[in-house]
Each structure stands twice: as structure tokens, then as C-alpha cells.
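Below you'll find the structure, written out as C-alpha cells, and then a few comments.
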Amino acid sequence: MLLQNRAVFALGIRMCSTNVTRGPLVDTGRPSSDMSEFRKAFSKAKHIAIITGAGVSAESGVPTFRGENEKWRKWQSQDLATPEAFSRNPSRVWEFYHYRRELALSKKPSAAHLAIAECEARLRKQGRSVVVITQCIDDLHRQAGSKHVLKVHGSLLETRCVSCGEVTVNKRSPICAALKGKGAPDPDVADAQIPVDKLPRCNESDCHGLLRPNVVFFGETLDSHILTKVEKEMEICDLCLVVGTSSIVYPAAMFGPQIAARGVPVAEFNTTATPKTEYFTHHFQGPCGITLPPALARHESEVI
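Residues in the sequence shown are numbered from 1 upward in steps of one, following UniProt numbering.
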């Protein structure tokens with residue numbers, strides 16, 4: 001089994017800490033920035049896993065909600081994205097997520113999104129596979145054309161009923177009449193204080209329960225069904241790319257290092273080094289939209 005502690009992994013709590021470890025890491029020494037070496041590994045790979053983070057969508061104009069974007073109004077974003085915050089003040093949390101939804105709906109896939117989708121479609125014709133394991137909660141990988149996407153943190157464009165549990169794709173803009181024009185992030189904007197019965201509600205017959213964004217709030221466990229699929233992909237992949245992620249949010253931060261521990265080549269594409277860079281075979285620094293397309297382009301050995 002790839003993961004040393006399957007139970008801990010399957011019930012992994014979404015956290016932001018660089019002090020958490022999951023299983024042994026193997027220091028591979030200084031990672032290479034030789035693209036020709038990576039391309040050799042790419043040409044031989046049959047099952048490629050691409051782990052993506054907020055940096056990919058940042059190049060589409062989606063804020064990462066860290067650093068300068070860490071606050072919404074006067075609150076820390078991570079303090080709003082919790083089950084406790086939603087229980088206390090669903091109107092405020094829905095305003096925050098409405099703002100994020102509207103942003104995501106207004107954006108287009110980046111060059112990195114498009115390169116990943118093109119690579120998946122091309123290699124599929126050759127009997128090879130590409131899976132995207134993403135921490136992003138927008139829909140940009142799908143918009144770009146990627147078919148095999150595992151969303152470990154859920155989706156902004158899905159809702160889940162807190163009463164019946166029904167999950168539904170929802171791309172309405174606005175998601176409900178009461179949220180129209182709401183969600184401005186400026187610190188001087190007052191809460192809309194929308195009554196609970198005017199917030200998004202379930203359409204299932206005899207339910208009409210309150211809906212919440214189908215995302216993993218901080219402090220919640222990740223979907224064990226998604227994690228089972230992720231583990232399977234981690235076990236069979238023979239090449240891994242870690243793209244646009246800071247590698248500080250667990251358990252996703254350990255996906256790349258766990259694959260590297262099997263001796264599988266892992267290449268990191270990021271604007272800076274991360275806490276996990278030293279465990280990877282390759283590191284390519286710069287915007288993903290610039291570094292990734294040539295890495296995933298058609299290799300001369302490919303026969304279409």
C-alpha cells in the first residue's frame with residue numbers, strides 16, 4: 001500500500017501547516033532543472049498524475065486568498081471557510097462564497113490549464129492516461145477540456161444540502177436573488193444579513209433545506225471516496241507533476257512526496273521553491289503558463 005496509514009489519509013483533515021508529515025520522505029538531492037531529462041521521462045510515461053494548486057488558477061486571475069488577498073472585508077478568509085462560521089452566520093459565509101463564485105465564473109482557463117487538457121486528449125489516443133488531482137475549487141480544468149479530474153477540496157460550482165445531503169452542479173449567476181450584487185470584499189461594506197430562508201435552498205421535493213458550497217471547509221475531513229481514487233492514481237502513476245501549489249495544505253501537500261518515495265520521477269512547476277522541492281526529481285521555476293506547455297508538448301517519439 002502506497003500510504004503508510006490509510007485510515008489517517010482517508011480521514012485527513014484539511015490543514016495549513018508545514019509541520020505535519022505523512023509517512024517517510026526520501027530526499028532525492030538537488031532537483032534538476034534540465035527540461036530534456038524531464039522530456040525523456042515524459043516520453044516513457046504511461047500513467048501521468050498532475051497535482052495542481054491555486055497557482056494555476058492565479059494565472060487566470062483567480063485570487064489565491066493568501067497574502068494580499070487573505071482578507072475578505074475585515075475577516076481572514078480561512079476564518080470564514082469553516083463549518084462553525086457557516087453555522088453561526090450562513091449569510092456572511094454565502095456572501096464570501098458568492099464573491100468567489102462570481103469571480104470564478106468570469107475567468108477563462110490559463111495556458112497551463114489548456115496545456116494539461118491538450119496533453120490528456122493527445123495521450124488518450126495513444127493509450128496513455130493523464131489524471132488531474134486538483135486542490136482548486138473552480139471549474140477551469142473542466143473548462144479547458146480536462147476529462148479526468150479529481151477535486152480533493154470540492155467545487156465552488158456545486159452545492160450540498162445540509163439537510164438531505166444532495167450534491168448538485170450549480171452555475172447560476174447569481175445563485176439566488178438575495179445574493180445579487182452582494183459579496184463586495186471592501187472592508188467598509190456591511191454584511192447583507194440575508195434571512196436564512198432567502199439563502200440558496202434545496203430543490204429536492206419535500207426538503208427545501210439550506211444549501212452550502214460543496215467545498216471542504218477548514219477543519220473538515222476530505223471525501224473518502226475521492227481520496228480512494230487519488231490513492232489508486234498515486235499507486236499506478238509512473239510520472240508526476242506538481243504544478244502551482246505551495247505544498248503547505250495537507251494532506252494534498254504529501255501527494256507528490258509520497259509518489260517520489262516510490263522512486264517515481266516527480267517534477268515541480270512553481271514560481272518559487274516550496275517546502276517539498278528538495279524531495280522532487282525536477283524543479284522548473286517560473287509562471288506555469290510558460291514552463292508547462294513545452295514540458296507537455298508532443299514528444300518526437302509520439303506516434304499519433
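Cβ atoms here follow ideal geometry from the backbone N, Cα and C, with glycine treated the same way.
Beyond the five residues adjoining it in sequence on each side, L157 comes within less than 8 Å, by CB distance, of R101, A104, L105, D138, D139, V169, N170 and K171 in the same chain, given in chain order. In the three-state reduction of the DSSP assignment, C237 falls in the coil class, being assigned neither a helical nor a strand state. Assigned with DSSP and collapsed to three states, N69 falls in helix. With contacts defined as CB atoms closer than 8 Å, F42 and F217 fail to qualify as a contacting pair. Per the coordinates, the alpha-carbon of C164 lies some 45 Å from the alpha-carbon of E278. Q285 is classed as exposed because its beta carbon has fewer than 16 other beta carbons within 10 Å across all chains shown. Secondary structure in the region 103-134: the alpha helix (DSSP H) runs of 4 residues or longer, each lying completely within the stretch, are 111-124 in chain order. Counting only the Cα atoms, R30 lies some 19 Å from T245. A49 is a Cβ neighbour of C240, given a cutoff of 8 Å. Residue burial is scored here from C-beta neighbours: A295 has at least 16 other C-beta atoms within 10 angstroms and is therefore classed as buried. Residue pairing for V243: DSSP places it in a beta bridge opposite T52 and F269. Unbroken beta strand (DSSP E) runs of no fewer than 3 residues, entirely contained in the region 181-233, are found at 211-215, following chain order. Judged by DSSP in its simplified three-state form, K276 adopts coil rather than helix or strand. Runs of the beta strand (DSSP E) spanning 3 or more residues and lying entirely within the region 154-184 occur at 154-161 and 167-169, in chain order. Contact between the region 245-256 and the region 194-210 is absent: fewer than 3 CB-CB pairs across the two stretches fall below 8 Å.
Following the DSSP letters along the chain, one finds H141 inside the alpha helix (DSSP H) bounded by residues L140 to A144. Close CB contacts of E37 within its chain, under the 8 Å cut and outside five residues either way in sequence, are with H282 (chain order). For K44, the enclosing alpha helix (DSSP H) has its first and last residue at M35 to K44. For S32, the secondary structure class from DSSP, reduced to helix, strand or coil, is strand. Taking C-beta separations shorter than 7 Å and ignoring five residues to either side along the sequence, the partners of G61 in its chain run K107, following chain order. Burial is judged here by how many other beta carbons sit within 10 angstroms of a residue's own beta carbon; P187 has fewer than 16 and is exposed. Within the DSSP secondary-structure output, W94 pairs in no beta bridge. Membership of T291 in the alpha helix (DSSP H) is indicated by the continuous run C288 to L296. Burial is judged here by how many other beta carbons sit within 10 angstroms of a residue's own beta carbon; C202 has at least 16 and is buried. As DSSP reads the structure, H299 sits in no beta bridge.
Put simply, the backbone Cα of R39 is about 7 Å away from that of H299. For the pair T271 and C207, the Cα-to-Cα distance works out to about 46 Å. Its Cα nearest to that of L80, the residue P185 stands out among S224, D223 and P185.
Nearest Cα to G53 within the set P265, K151, V189 and P213: K151. In this structure, L123 is the residue among S91, L123 and H98 with its C-alpha nearest to the C-alpha of H47.
Here the alpha carbon of Q76 sits roughly 15 Å from the alpha carbon of P83.
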